[in-house]
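Taking it in order: structure first as structure tokens, then the write-up.
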Amino acid sequence: MSTHESRSRYTDRPLLRLIECYVLWAIERLSDPRIFRVKEMTPKLESIYRVKGNWQQIVAAVMHMPPNMPALIEDLWIKNTEIARRNGVTLSPQQFTEMFVDQNLVT
Numbered sequence: 001m002s003t004h005e006s007r008s009r010y011t012d013r014p015l016l017r018l019i020e021c022y023v024l025w026a027i028e029r030l031s032d033p034r035i036f037r038v039k040e041m042t043p044k045l046e047s048i049y050r051v052k053g054n055w056q057q058i059v060a061a062v063m064h065m066p067p068n069m070p071a072l073i074e075d076l077w078i079k080n081t082e083i084a085r086r087n088g089v090t091l092s093p094q095q096f097t098e099m100f101v102d103q104n105l106v107t
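In terms of the numbering used here, the sequence shown opens at residue 1 and continues consecutively.
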């Protein structure tokens with residue numbers, strides 16, 4: 001994906017990056033710098049969404065996710081990476097995240 005395509009993915013969709021961070025966090029692929037940034041955003045997120053908790057709890061509440069959502073995401077990540085491997089394809093964490101979010105969390 002080009003930088004332009006990446007930017008356009010997020011235009012007028014401010015919550016999308018956070019949702020993707022949540023998915024990357026669930027599959028243990030969220031980078032340390034990004035973890036730091038989303039943690040810093042927590043007070044602002046609490047204010048915007050009027051939900052108390054850490055950033056993961058806020059995203060989950062806003063998106064009406066079930067409590068076991070991280071485990072569900074991780075299971076799907078494992079299954080999909082295995083399917084990709086059997087087909088001779090590498091599925092990157094970002095590719096999985098975008099597919100998962102597009103198919104399950106946003107329209």
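Think of the CB as a built atom: it goes at the ideal place given N, C-alpha and C, for glycine as much as any other residue.
If you follow the alpha helix (DSSP H) that residue i is part of, which residue opens it and which one closes it?
i	result
Lys-79	69 to 86
Glu-46	32 to 49
Pro-93	93 to 104
Ile-27	No alpha helix (DSSP H) holds Ile-27; DSSP gives it neither H nor E.
Val-89	It is not in any alpha helix (DSSP H) - Val-89 carries neither H nor E in the DSSP assignment.
I think residue i touches residue j, with their Cβ atoms under 8 Å apart; what is that distance to the nearest whole Å?
i	j	result
Val-101	Val-23	6 Å
Val-106	Ile-19	7 Å
Met-41	Trp-55	6 Å
Among the candidates the options, whose CA atom is the shortest distance from the CA of residue i?
i	options	result
Asp-75	Phe-96, Leu-15, Arg-86 and Thr-42	Phe-96
Arg-29	Glu-98, Gln-103, Pro-93 and Leu-105	Pro-93
Trp-25	Pro-14, Leu-15, Arg-13 and Val-38	Val-38
Gln-103	Asn-87, Asp-32, Leu-45 and Ile-73	Ile-73
Pro-14	Asn-80, Ile-48 and Thr-81	Ile-48
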